[in-house]
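Accompanying notes for the structure given below.
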Amino acid sequence: HKSQDTAAAMNKLDGRGFSPRPTGRSASSSKRLKSALVEVYADFHALRSEVFGHIVELQAQLRTVHEHYFEKCDEFSRRKIGSLSISTSEIVIDDTKSDVDTRLDALEKSLDNMGAMCKRLVRSSGHSDRSVKEQGHANVTEWSAAMWNAHFIEQSGKDETNSLLAKTVADLWVKVDFLFDERQRALRVNSGTNAKLASLRDAGSAFADFVPESRCEAHVADLFVELNDVEGRLTSTLSAHHIIHEEMSKKIERLDGATRSSFDKVAEDIRALANGQVQDERQLESRELVQVPHYGEVDREQTRNLISSRACDVVLKGSTWDAVLLLGLELDFNRVASIGVFMACVTSVIIQLVLCVVFVKYNRNFVTGRYALFDAATTWAAAESPTTVGRLCVGDLTLGTYYRQFQLVSAYSTYTLGLSESLSIASLVIWLLSVMNVVLRIEDVRSAIWCLHQTNTEVVLRLHRYSLLSFSRGRVMFSTCVLILRLIIVLLLAVLGLDILSISIDPWDIMLKVVVLNFTLHFDEESYLAFVPAQYKIVVSQTNPLKVRSKRGPQQTVLLIFFGLCAVVSFSLFNSPRIERFKGSVKEMCSYASM
């Protein structure tokens, strides 16, 4: 019974299902066969460990080299882009800065795409370097661990070479498993103990009765053939990995050269833009870097997006109201410069308020004198002879004694011709449009400040330009108070301007008042040029635009309608009653000429 179990085990050892035929060999021949099998097992195990060690080492070296190439290329590219950005800020003017920024952004996108492609190449050429020891387990034999590792490589391999290698090694391990692992398991089952297994190994005649030595030697020869075949396949695999490494190195060198060429093109285009040598975008050498299918549609879409984004920008202008918003910021200003900005703002406020008071008194005296002139003219016409009044009303220049009455009649004649009346309406519209623009400016600055993150005040210097990243709550409140003060002064000037222009009937008087009112409205710009130090002027001119959440188009339309209604109402309330009284006085004076 035990002999039949041993025969079944040896049939399994053969792997081909041959029928055992006793040969009567001696125990020494069986021992030599066992020794040869053990040596083959040891040699194959050592070869397998060495080959896998070389594969893992080569894979790690490949990934290290590829990642090193990519990091060096990326580091060089980023450093080059940074140097280009810094150098171009000194030679590029404001009109071409947007074009330069667009080119640099396109170059960064190309660099990102290049980096992603390099990473994909590294991932496609790299494989798992987990060793057999990491895959093995304490309760699993070395051959089972090797089989699991072959399965792992076959499942994770992404290229044809690695799949072929995994299949070859797996097939060989199956055959070797029949020769060694299953034999040991069968012997352990039949013997029961290690002692019986040792005694069975010593009993060489037991193997001689069941397995012919020639067939075992044939198995050993086949095993050596398989080992040589595996060695050749592994050598070809290593050569394939070496070829992949060389191809990737050449590809990275080509990408490096293309990157350097792209940098040279962008730098040349920047110089051409700065010197004004480029008249059309199609003349740019770096245009091909951002060309994609349907480039025209993409370019137009990018242009529309750029215009939309610029519509939401708020730029600080040369005004004391904008400069005072920078007071107290950490920009290394000295106290003299801050005092100069404060004095410029105070001077602007005082001058505008003083002019408002002067306008109020002047307009009050002017209206009182004008109404007194109307009454005096009608009183004179009632007491004077109708002939003299008639001569005055027809423009007789010989009546020099009655100059004031003649001036009144001349103003009436000019006004009735339509010149002064049209000019008066136009002056009201011009004045209200000027006020509306200032109000819109105040609203834009207010929206931009409120859009800043209300945490801590943070100002950074990037490429010789300042960026206001965030304002504290205290600074937001301070800026809001400054804007409210400016809005109050603007509205006060708007009402006074309407009152002054509504009483004017002489064309030159109307134009002179419009000029004076506009100068008063924009006096903060004059005080900015006169009092604000050069440090603040440089910072204001080099501050990046502030962003608002939405476009001001709807707000501008609403304000335009509102100020249009204000013009109609002001003309009805201020201008029309006073002009009607003026006309009535002249008509009443000239009516005495017909008596």
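Heads up: the sequence shown is residues 1 to 595, going by full-length UniProt numbering.
Heads up, the beta-carbon is just placed ideally off N, CA and C, and yes, glycines get one too.
Q | residue 239 versus residue 545: straight-line alpha-carbon distance, rounded | A | Within the sequence shown, the letter at position 239 stands for residue 239. Within the sequence shown, the letter at position 545 stands for residue 545. Taking the CA atoms as reference points, residue 239 sits about 59 Å from residue 545.
Q: Could you tell me whether the region 494-510 touches the region 429-445, where touching means 3 or more Cβ pairs closer than 8 Å?
A: In short, these stretches touch, since the Cβ pair count reaches three.
Q: Name the two residues that bound the continuous alpha helix (DSSP H) containing residue 506.
A: Position 506 of the sequence shown, counting from 1, holds the residue named residue 506. Where residue 506 is concerned, there is no enclosing alpha helix (DSSP H), because DSSP gives it neither an H nor an E.
(Q) To the nearest angstrom, how far is the alpha carbon of residue 428 from that of residue 534? (A) By one-based count along the sequence shown, residue 428 stands at place 428. By one-based count along the sequence shown, residue 534 stands at place 534. Between the alpha carbons of residue 428 and residue 534 lies a distance of about 37 Å.
Q.
Looking at residue 540: is its Cβ nearer than 9 Å to the Cβ of residue 487?
A. Residue 540 sits at position 540 when you count from the first residue of the sequence shown. Residue 487 sits at position 487 when you count from the first residue of the sequence shown. The answer is no: Cβ separation not under 9 Å.
Q: Under the assumption that residue 344 contacts residue 528 (Cβ atoms under 8 Å), give the Cβ distance between them as a whole number of angstroms.
A: Mapped onto the sequence shown, residue 344 falls at position 344. Mapped onto the sequence shown, residue 528 falls at position 528. Confirmed, about 6 Å.
**Q.** Alpha-carbon spacing of residue 520 relative to residue 272, whole angstroms
**A.** Mapped onto the sequence shown, residue 520 falls at position 520. Mapped onto the sequence shown, residue 272 falls at position 272. Approximately 44 Å, taken between the alpha carbons.
Q. Counting along the chain, where does the alpha helix (DSSP H) carrying residue 474 start and finish?
A. Against the sequence shown, residue 474 aligns to sequence position 474. Counting along the chain, residue 474 sits inside the alpha helix (DSSP H) bounded by residues 473-502.
Q) Are residue 447 and residue 548 touching if we call contact CB-CB under 9 Å? A) Numbered from 1 along the sequence shown, position 447 holds the residue referred to as residue 447. Numbered from 1 along the sequence shown, position 548 holds the residue referred to as residue 548. Going by beta carbons, residue 447 and residue 548 fall inside the 9 Å limit.
Q: Return yes when the Cβ of residue 342 is within less than 9 Å of the Cβ of residue 500, no when it is not.
A: For the purposes of this step, residue 500 is taken as residue 500 along the sequence shown, with counting starting at 1. For the purposes of this step, residue 342 is taken as residue 342 along the sequence shown, with counting starting at 1. No, Cβ-Cβ distance for residue 500 and residue 342 is not below 9 Å.
Q: Just tell me which of 505, 338, 261 and 349 has its CA closest to the CA of residue 484.
A: Start at 1 with the first residue of the sequence shown, and residue 484 comes out as number 484. Of 505, 338, 261 and 349, the residue nearest in Cα terms is 349.
Q: Compute the distance between the beta-carbons of residue 524 and residue 338, then report whether it is under 9 Å.
A: Residue 524 sits at position 524 when you count from the first residue of the sequence shown. Residue 338 sits at position 338 when you count from the first residue of the sequence shown. Pairing residue 524 with residue 338 gives a Cβ-Cβ distance that is not under 9 Å.
Q. For residue 346, which of helix, strand or coil comes out of DSSP?
A. In the sequence shown, residue 346 corresponds to position 346, counting from 1. Residue 346 sits in a helix when the DSSP states are folded into three classes.
Q. Would a C-beta distance cut-off of 9 Å place residue 445 and residue 326 closer than the cut-off?
A. Within the sequence shown, residue 445 is the residue found at index 445, counting from 1. Within the sequence shown, residue 326 is the residue found at index 326, counting from 1. Between residue 445 and residue 326, the C-beta gap is not smaller than 9 Å, which leaves the two residues out of contact.
Q | Proximity below 9 Å, CB of residue 340 to CB of residue 478 | A | One-based indexing of the sequence shown puts residue 340 at position 340. One-based indexing of the sequence shown puts residue 478 at position 478. At a Cβ-Cβ threshold of 9 Å, residue 340 and residue 478 do not count as neighbours.
Q) Quick one: is residue 616 buried, meaning 16 or more other Cβ sit within 10 Å of its Cβ, or exposed? A) Residue 616 is absent from the structure shown; the chain starts at 1 and stops at 595.
Q.
Can you tell me whether residue 468 is helix, strand or coil according to DSSP?
A. In the sequence shown, residue 468 corresponds to position 468, counting from 1. Residue 468 carries a strand assignment under DSSP once its states are collapsed to helix, strand and coil.
Q. When DSSP labels each residue in this structure, what does residue 546 get in the three-state scheme?
A. Your numbering for residue 546 matches position 546 in the sequence shown. Three-state DSSP puts residue 546 in a strand.
Q) By a C-beta neighbour count over all protein chains shown, 10 Å radius and 16 as the cutoff for buried, is residue 565 buried or exposed? A) Reading the sequence shown from its first residue, position 565 is the one you call residue 565. Taking all protein chains shown into account, residue 565 has fewer than 16 neighbouring C-beta atoms within 10 Å of its C-beta and is therefore exposed.
Q) Are the C-beta of residue 499 and some C-beta of chain C separated by less than 9 Å? A) This model lacks chain C altogether, as it is built from one protein chain only.
Q: Have a look at the DSSP bridge pairing and note the partners of residue 313.
A: Counting from one through the sequence shown, the residue named residue 313 turns up at place 313. In DSSP, residue 313 forms a bridge with 547.
Q) Within 10 angstroms of its Cβ, does residue 269 collect 16 or more other Cβ (buried), or is it exposed? A) Start at 1 with the first residue of the sequence shown, and residue 269 comes out as number 269. Answer is buried; the Cβ neighbour count reaches 16.
Q. Is residue 247 near the ligand ADP, with its Cβ less than 8 Å from a heavy atom?
A. The model depicted lacks the ligand ADP and carries no ligand whatsoever.
Q) Among 109, 498, 480 and 323, which residue has its Cα nearest to the Cα of residue 363? A) Counting from 1 along the sequence shown, the entry for residue 363 is found at position 363. By alpha-carbon distance to residue 363, the top candidate from 109, 498, 480 and 323 is 498.
(Q) Alpha carbons only, please: which of 507, 537 and 490 is nearest the one belonging to residue 517? (A) Along the sequence shown, one-based indexing puts residue 517 at 517. Just measuring C-alpha positions, the residue of 507, 537 and 490 sitting nearest residue 517 is 490.
Q.
Taking the beta carbon of residue 258 as the centre, do at least 16 other beta carbons fall within 10 Å, making it buried, or is it exposed?
A. Here residue 258 corresponds to residue number 258 of the sequence shown, with the count starting at 1. Exposed: under 16 other Cβ atoms inside 10 Å.
Q: Compare the beta carbon distance of residue 476 and residue 512 with 9 Å and say whether it is the shorter of the two.
A: As a working note, residue 476 is residue 476 in the sequence shown. As a working note, residue 512 is residue 512 in the sequence shown. Going by C-beta atoms, residue 476 is not nearer than 9 Å to residue 512.
Q. Out of 334, 261 and 526, which has the shortest C-alpha to C-alpha gap to residue 352?
A. Looking up residue 352 in the sequence shown gives position 352. When 334, 261 and 526 are compared, the shortest CA-CA separation from residue 352 is found for 526.
Q) What residues in its chain sit with their C-beta under 6 Å from that of residue 254, if we drop five residues either side in the sequence? A) Residue numbering aside, residue 254 sits at position 254 when the sequence shown is read from its first letter. If you ignore the 5 residues before and after residue 254, its C-beta comes within less than 6 Å of no other C-beta in its own chain.
Q. Helix, strand or coil: how does DSSP classify residue 318 here?
A. Within the sequence shown, residue 318 is the residue found at index 318, counting from 1. In the structure shown, residue 318 sits in coil (DSSP, three-state: anything other than H, G, I, E or B).
(Q) Within 10 Å of its beta-carbon, does residue 321 have 16 or more other beta-carbons around it, so buried, or fewer, so exposed? (A) In the sequence shown, counting from the first residue as 1, residue 321 sits at position 321. With 16 or more other Cβ atoms within 10 Å, it is buried.
Q) In the structure shown, what three-state DSSP assignment does residue 446 receive? A) Here the question's residue 446 lines up with position 446 in the sequence shown. For residue 446, the secondary structure class from DSSP, reduced to helix, strand or coil, is helix.
Q) What's the gap between the Cα of residue 346 and the Cα of residue 71? A) Along the sequence shown, one-based indexing puts residue 346 at 346. Along the sequence shown, one-based indexing puts residue 71 at 71. Spanning the two alpha carbons is a distance of roughly 57 Å.
Q. Alpha helix (DSSP H) containing residue 540: first to last residue?
A. Position 540 of the sequence shown, counted from the start, is the residue given in the question as residue 540. DSSP places residue 540 inside the alpha helix (DSSP H), whose first and last residues are 534-541.
**Q.** Local conformation of residue 518 per DSSP, three classes
**A.** Residue 518 sits at position 518 when you count from the first residue of the sequence shown. Helix.
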